[in-house]
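Some notes on the structure that comes next.
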Amino acid sequence: MLNSLSLAIIQSNVPPTPEWTPTIGLVMVLCNLFAIAVGYYAIKNPGQGPDLPGSKPALFTKFGIPELLATTSFGHILGAGMILGLTNGGVL
16 MLNSLSLAII
26 QSNVPPTPEW
36 TPTIGLVMVL
46 CNLFAIAVGY
56 YAIKNPGQGP
66 DLPGSKPALF
76 TKFGIPELLA
86 TTSFGHILGA
96 GMILGLTNGG
106 VL
């Protein structure tokens, strides 16, 4: 009984999650690009792991798979927070 009551209280406080729209996709893309830009300058030892396959711009000479995974992971966390925050604020 206590567990179902706790679950009901928690579920009543969950903010609404929006349906996917191109605007939400744009917010996520912009957050990921921001995270890649920050990570490019913030990562202390770039290029230590495996390199990205294929050609890439000269700007990303020391930007490999570990850097890409780290920055896009941060970008998705940042994007999820931005989307939920903008939805609660009524912007999205």
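Letter by letter, the sequence shown follows residues 16 to 107 of the numbering used here.
The C-beta atom is built at its ideal place from N, Cα and C for all residues, glycine as well.
For leucine 107, the three-state secondary structure derived from DSSP is coil. By the Cβ neighbour-count rule, valine 42 is buried, with 16 or more other Cβ atoms within 10 Å of its own.
Between the alpha carbons of isoleucine 51 and aspartate 66 lies a distance of about 16 Å. The Cβ-Cβ distance between cysteine 46 and glycine 104 does not fall below 8 Å. Residues of the same chain with a CB within less than 8 Å of the CB of histidine 91, apart from the 5 flanking positions on each side, are Met43, Cys46 and Asn47 in chain order.
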